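K.L.:
In terms of the working numbering, the sequence shown opens at residue -15 and continues consecutively. In this text, a Cβ means the ideal position worked out from N, Cα and C, and glycines have one as well. Computed from a predicted structure; not experimentally measured.
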Amino acid sequence: MAKKKYDETDEDFIVSVRWLDGYFESFRARQIRISETLIWLRLKNHKNRNIPLKNVRWYSVYPESHEEVSGNSSHK
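In C-alpha cells, the structure reads:
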C-alpha cells in the first residue's frame, strides 16, 4: 500500500503527557492544536480537553505532523 501524508482528518492521534508531578497520561484524539501555552484536544468521544503546558514536563504526539504512515490503522 502506498504511503500517504497523515493529517488530522484521518484517524486518531495518540498524545502522551508527563505532568510535572510525574503522572503519565495518554489520550486518543481526533484533532490537536498546540500553542505556546496550551494543547487543545478533540478526544475520540467528542469531548474537548485543554492541557496547560505550564503543568507539563514533556509531551509527545504520534504520528508527528511530518511523519509518513503506511496504511490506515498502523498506529492503533
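(1) So what's His59 in DSSP terms, helix, strand or just coil?
(2) To the nearest angstrom, how far is the alpha carbon of Val45 from that of Arg2?
(3) State the DSSP-derived secondary structure class of Asn29, mapped to helix, strand or coil.
(4) Quick check on the burial criterion: 16 or more other C-beta atoms within 10 angstroms. Buried or exposed for Leu37?
(5) Can you name the start and end residues of the beta strand (DSSP E) that Tyr44 belongs to?
(6) Distance, Cα to Cα, His30 vs Tyr7?
(7) At the level of alpha carbons, what is the spacing between Arg14 and Arg26?
P.N.:
Per the coordinate set shown:
(1) Caution is warranted here: a pLDDT of 49 is assigned to His59, below 50, making its placement in the model unreliable, and the coordinate value is therefore given only provisionally. Reduced to three states, the DSSP call for His59 is coil.
(2) 12 Å
(3) coil
(4) exposed
(5) Strictly speaking, residue 44 in this sequence is Ser, with Tyr absent from that position. Run containing Ser44: 40 to 46, per the beta strand (DSSP E) assignment.
(6) Approximately 24 Å between the Cα atoms of the pair.
(7) 6 Å
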